[in-house]
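Notes follow once the structure below has been shown.
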Amino acid sequence: MRHLSVLLRPAALLLVAALAVPAIASAEERLHIYNWNDYFAEDTLADFQARTGIHPVLDVYDANEVLEAKLFAGRSGYDLVFPTMRPFAARHIAAGLYRPLDKDRLLGLANLDPQIMATLASGDPGNAHVVPYMWGTTGLGINVEKVQAALGEDAPLDTWGLIFDPENAKRLAGCGISLLDDPAEVIPAALAYLGRDPNSLAKADLAAAQALIEAIYPHIRYIHSSQYISDLANGDLCVAHGYSGDVLQAATRAEEAGGRVAIDYLIPREGAVLWTDVMAIPADAPNPEAAHAFIAYLLEPEVIAAVSDYVYYANPNLAATPHLDEALRDDPGIYPPPAVRARLFVPAERSSRELRDLNRLWTRLKSGH
Amino acid sequence: MASPFQNRPRPTRRASRLLNIGVPYLWLGLFLLLPVAIVLQISLAEPTAAQPPYAALWQWVEEGVLQIRLDFQSYRLLWSDSLYLASFLNSLQVALVCTLLCLLLGYPMAYAIATAPERWRLPLLMLIVLPFWTSFLIRVYAWIGILKTNGFLNNFLLWLGVIDEPLAILYTQTAVYIGIVYSYLPFMILPLYANLTRLDPTLLEAAADLGCRPLRAFLRVTLPLSRAGIVAGSMLVFIPAVGEFVIPDLLGGPQTLMVGRMLWTEFFSNMDWPLAAALALVLLGLLVVPFVLMQRWQQGALEDRP
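Just so you know, the protein sequences line up as chains A and B, in that order.
First residue of the first sequence: 956, per the working numbering; consecutive thereafter.
First residue of the second sequence: 29, per the working numbering; consecutive thereafter.
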């Protein structure tokens, strides 16, 4: 009998422990975060938990549309989300999907770039609902060596002409060009190349953009919004229309893989889309207190600087700039000089009808119908 | 309905019969009719920028007055915009080609398994089913690694010297065909196998005794008798292939216009739930027709039997 109880006792203890653990876990405070994939530093969440005892639960998405559908369906269960301001967060605010911020608990707001706050205020009066998280541009990822081999040593690289000039596109088709799968990125870029208002919805402008894209279409290898990261890095593409941070991630991957491929990120001189991703608390968030605590944590200069160092995107926190990695701070692709910044533009708001027309134009372009 | 029982069925028997009939009807009502009714309701609503993103169909405007607003715009748009028709036709074409390819590949495989020695059948069937143990998504992703410019297939062909330049297969309609045929092949093989193993081998012996050559015996005896298996397998491939979204999204290129993708665009990019719902209902209607045809055909096959 004795040796049986020796065996049984640890088993019983284990059982009790197993029953107790979920009880402790459920008593623990949770924060449900819905963010883009790879958009925190490696220790951002762990450090927050160590400091506050709140257990962050992270789900990720790779398209604003997926987040938007969940928010409009309601009861998403998320406490904090990270939409792109225009056009997404702006229309969410208009539809009343977000809870106004309790600014008394977000003292770090004072450190945010007033210029960025001013542009956000046009979609969020009084900056009442959203806090900027990261910002970046949409430009060109370039394999300099291959592009120069195709176009010549002294060919200008900082221009949309690499893609939209049919002659260039033809010569670069062999080493590979990709476009983002988003009419709200491609059409403004084409209009900027043509020297027209990138946000124009005028029939003549859209027709010109469409004709331009159709002309270069046969030379495009594919249209995709994330595939180019790995293809740039392994040399399968030489020009990619892409997001600044994604291209810089590709550059880092290429370096880590032995440095055979050198990738540059360039903001075309004709101008490029400037976007801002923001933090917002859904109106029906179960735990808005924890969401405020997390925003306050991300407003700390050291914390957000560590995130920028990891994801290669600029943050809007002026106090964080001294804490950044020098290479990041001095990279004109991430923190563009004022002259370049002046040429960036913010995508305009679209009505649902205009949105449908743009998407329709895009689907027809892509499918050849 | 003529009752197979006596004139006055005993109450317990009647209750058990009611239960027997009631459960499947309840199931159908709960998991087929109710969801379809909800989708129908959304398809007739007006899209709005609110939560949820469509207006209510009815509301009480004043005491005892119910106002119902039905918006048929979505259906009108489906009809007037040629892009939807084009995507329907392309989806049907892709599904049809894939079904034929599955049949051409799957029939010999099912036949080989069904006529293999008894002890080999189970292991062979296991080989067909085994890929299901890996996630569908992972298997489709694996095809990206095989088909891409710098992938296994191209490197192998280059090494063999069959081609000088890598083939562009990934992000084309060909890649979609490969992905769908690969993913749905087991759904063709399994019903065919079940059908072929049940065939009476003495019929073939009789044909041989009467001087019929094997090929002719196959065409005159085996093939007609396996019609039910062919139809069932084809439906199992065709119906999901028409609405397929994941495979064209991962393997297809921009020119792969399929209805699943259109639905995604309406729902996510255009935020137009009513139109997405209308599109889904029309798709459902298109898929119900071949299904009804199959039912008829199978019934015909049963009646043909001596």
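No residue lacks a Cβ here, since even glycine has one placed at the ideal position from N, Cα and C.
These figures come from a predicted structure and were not determined experimentally.
**Study point:** Any C-beta of chain B under 8 Å from that of A/Leu1316
**Key:** For this step, residue 1316 of chain A is matched to residue 361 along the first sequence. A/Leu1316 does not count as touching chain B.
Review point. What residues in its chain sit with their C-beta under 6 Å from that of B/Leu198, if we drop five residues either side in the sequence?
Key: Position 170 of the second sequence, counting from 1, holds the residue named residue 198 of chain B. So the list reads Leu175, Lys176, once near-sequence residues are dropped.
Point to revise | Rounded straight-line distance, which links the Cα of A/Ile1236 to that of A/Asp1059 | key: Locating residue 1059 of chain A in the first sequence gives position 104, where the first residue counts as 1. Locating residue 1236 of chain A in the first sequence gives position 281, where the first residue counts as 1. About 15 Å.
Point to revise | Short CB-CB distance (under 8 Å) between B/Thr293 and chain A | key: The residue labelled residue 293 of chain B in the question sits at position 265 within the second sequence. Chain A, which has a Cβ nearer than 8 Å to the Cβ of B/Thr293, makes this yes.
Point to revise | Three-pair Cβ contact test at 8 Å for the stretch 1206 to 1217 of chain A versus the stretch 1272 to 1279 of chain A | key: no
Exercise for review: Please list, in chain order, all residues of the same chain as A/Pro1100 whose beta carbon is under 7 Å from its beta carbon, the five residues on each side excluded.
Suggested key: To locate residue 1100 of chain A, count along the first sequence from 1; it is residue 145. Looking at the sequence shown, residue 1100 of chain A is not Pro but Glu. Cβ within range, chain order: Ala1217.
Exercise for review: Counting only the same chain and skipping the five closest in sequence on each side, list residues whose C-beta sits under 7 Å from that of A/Pro1055.
Suggested key: Taking the first residue of the first sequence as 1, we reach residue 1055 of chain A at position 100. Counting only Cβ-Cβ distances below 7 Å, and skipping sequence neighbours, we find Ala1083, His1084.
Point to revise | Touching by the beta-carbon criterion (3+ pairs, under 8 Å), the stretch 1169 to 1185 of chain A and the stretch 1112 to 1127 of chain A | key: yes
Review point. So is B/Phe180 buried or exposed if we call it buried at 16+ other beta carbons inside 10 Å?
Key: Taking the first residue of the second sequence as position 1, residue 180 of chain B is located at position 152. Its Cβ having fewer than 16 others within 10 Å, B/Phe180 is exposed.
Review point. Chain B beta carbons: is any one of them nearer than 8 Å to that of A/Ser1133?
Key: In the first sequence, counting from the first residue as 1, residue 1133 of chain A sits at position 178. Chain B contact via Cβ: absent.
**Study point:** Spatial neighbours of B/Ala83 in its chain, beta-carbon cut-off 6 Å, leaving aside the 5 residues before and after
**Key:** As a working mapping, residue 83 of chain B is identified with position 55 in the second sequence. The residues are Ala73, Glu74, Thr76.
Check your understanding: How do the stretch 1021 to 1036 of chain A and the stretch 292 to 303 of chain B stand: do at least 3 beta-carbon pairs fall below 8 Å, yes or no?
Key -> yes
Check your understanding: So, does the CB of B/Asp228 fall closer than 8 Å to a CB anywhere in chain A?
Key -> Translated into the one-based positions of the second sequence, residue 228 of chain B becomes position 200. For B/Asp228, the answer is no, since every Cβ of chain A falls outside 8 Å of its Cβ.
Practice item. Sort A/Thr1007, A/Arg1006, A/Leu1000 by Cα distance to A/Asp1014 and report the nearest one. Key: By 1-based counting over the first sequence, the position of residue 1014 of chain A is 59. Closest by alpha carbon: A/Leu1000.
Check your understanding: Are the beta-carbon atoms of B/Ser211 and B/Phe164 separated by less than 8 Å?
Key -> The residue labelled residue 211 of chain B in the question sits at position 183 within the second sequence. The residue labelled residue 164 of chain B in the question sits at position 136 within the second sequence. Against a cut-off of 8 Å, the Cβ pair of B/Phe164 and B/Ser211 comes out as a contact.
**Study point:** Reduced DSSP secondary structure (H/G/I, E/B, other) of A/Arg985
**Key:** Residue numbering aside, residue 985 of chain A sits at position 30 when the first sequence is read from its first letter. Strand at A/Arg985.
**Study point:** Alpha carbon of A/Ala980 to alpha carbon of B/Asn48, nearest angstrom
**Key:** The residue you call residue 980 of chain A lines up with position 25 of the first sequence. The residue you call residue 48 of chain B lines up with position 20 of the second sequence. Confidence at A/Ala980 is low in this model, with a pLDDT of 48, below 50, so the placement of that residue should be treated as unreliable; the coordinate-derived value is given next. If you take the alpha carbons of A/Ala980 and B/Asn48, they lie about 44 Å apart.
Check your understanding: Alpha carbon to alpha carbon, what distance is there between A/Gly1131 and A/Ala1139?
Key -> As a working note, residue 1139 of chain A is residue 184 in the first sequence. As a working note, residue 1131 of chain A is residue 176 in the first sequence. Each residue's alpha carbon lies about 22 Å from the other.
Review point. Tell me, which residues are paired with A/Pro1011 by DSSP?
Key: Counting from 1 along the first sequence, the entry for residue 1011 of chain A is found at position 56. DSSP lists A/Leu986 as partners of A/Pro1011.
Review point. If you run the structure through DSSP and keep just helix, strand and coil, what is A/Phe1037?
Key: Position 82 of the first sequence, counting from 1, holds the residue named residue 1037 of chain A. Three-state result, A/Phe1037: coil.
Practice item. Anything in chain A within Cβ reach of B/Pro80, meaning under 9 Å, just list it in chain order. Key: For the purposes of this step, residue 80 of chain B is taken as the residue at position 52 of the second sequence. Going along chain A in sequence order, the residues near B/Pro80 (Cβ under 9 Å) are Phe1027, Ala1028, Gly1029.
Check your understanding: For B/Met290 versus B/Pro276, is the C-beta distance shorter than 8 Å?
Key -> Here residue 290 of chain B is taken as the residue at index 262 of the second sequence, counted from 1. Here residue 276 of chain B is taken as the residue at index 248 of the second sequence, counted from 1. In this structure, B/Pro276 does not lie closer than 8 Å to B/Met290 by Cβ.
Review point. Quick one, which residues of the stretch 52 to 85 of chain B are near chain A if we go by CB-CB under 8 Å, in chain order?
Key: Pro75, Ala77, Ala78, Gln79, Pro80, Pro81
Point to revise | Per-residue DSSP class, three states only, for A/Gly1091 | key: Position 136 of the first sequence, counting from 1, holds the residue named residue 1091 of chain A. A/Gly1091: strand per DSSP, three-state reduction.
Point to revise | Strand pairing of A/Ile1097, partner residues [DSSP] | key: Position 142 of the first sequence, counting from 1, holds the residue named residue 1097 of chain A. Paired residues: A/Val1194, A/Asp1219.
Exercise for review: Please report how far the alpha carbon of B/Gln69 lies from the alpha carbon of B/Leu105, in whole angstroms.
Suggested key: Stepping through the second sequence from its first residue, residue 69 of chain B is reached at position 41. Stepping through the second sequence from its first residue, residue 105 of chain B is reached at position 77. Answer to the nearest angstrom: the Cα atoms are 17 Å apart.
Check your understanding: Under a three-way DSSP split, which group does A/Pro1292 fall into?
Key -> Sequence index remark: in the first sequence, residue 1292 of chain A carries index 337 (1-based). In the structure shown, A/Pro1292 sits in coil (DSSP, three-state: anything other than H, G, I, E or B).
Review point. Any beta-carbon of chain B closer than 8 Å to the one on A/His1324?
Key: Translated into positions along the first sequence, residue 1324 of chain A becomes position 369. Chain B contact via Cβ: present.
Practice item. Using three-state DSSP, classify A/Leu1229 as helix, strand or coil. Key: Here residue 1229 of chain A is taken as the residue at index 274 of the first sequence, counted from 1. In this structure, A/Leu1229 counts as strand in the three-state DSSP scheme.
Exercise for review: Return the chain-ordered list of same chain residues with a C-beta closer than 8 Å to the C-beta of B/Leu279, the five sequence neighbours on each side being excluded.
Suggested key: Indexing the second sequence from 1 puts residue 279 of chain B at position 251. Excluding positions up to five away in sequence, the list reads Val168, Trp171, Ile172, Leu175, Leu198, Tyr199, Ala203, Val204, Ile206, Gly207.
Review point. Which residues of chain E have a Cβ atom closer than 7 Å to the Cβ of A/Ala1050, listed in chain order?
Key: In summary, chain E is missing from the structure at hand, where the protein chains are A and B.
Check your understanding: So is B/Asp300 in contact with chain A if we call contact Cβ pairs under 8 Å?
Key -> For the purposes of this step, residue 300 of chain B is taken as the residue at position 272 of the second sequence. Yes - at least one Cβ of chain A is within 8 Å of the one on B/Asp300.
Review point. Along the chain, where does the alpha helix (DSSP H) that runs through B/Trp161 open and close?
Key: Taking the second sequence and counting its residues from 1, one reaches residue 161 of chain B at position 133. Counting along the chain, B/Trp161 falls outside any alpha helix (DSSP H), and DSSP gives it neither H nor E.
Review point. To which residues of the same chain is A/Arg1304 closer than 8 Å at the C-beta, ignoring the five residues directly before and after it?
Key: Walking along the first sequence from the start, residue 1304 of chain A turns up at place 349. The amino acid at residue 1304 of chain A is misidentified as Arg; the sequence shows Glu. Counting only Cβ-Cβ distances below 8 Å, and skipping sequence neighbours, we find Arg1041, Pro1042, Ala1045, Arg1046, Gly1078.
Exercise for review: Look up A/Tyr1177 in the DSSP assignment and say whether it is helix, strand or coil.
Suggested key: Here residue 1177 of chain A corresponds to residue number 222 of the first sequence, with the count starting at 1. Here A/Tyr1177 sits in strand by DSSP.
Practice item. Label A/Lys1158 either buried or exposed according to how many other C-beta atoms from any shown protein chain fall within 10 Å of its C-beta, with 16 as the threshold for buried. Key: In the first sequence, counting from the first residue as 1, residue 1158 of chain A sits at position 203. With fewer than 16 Cβ atoms within 10 Å of its Cβ, A/Lys1158 is classed as exposed.
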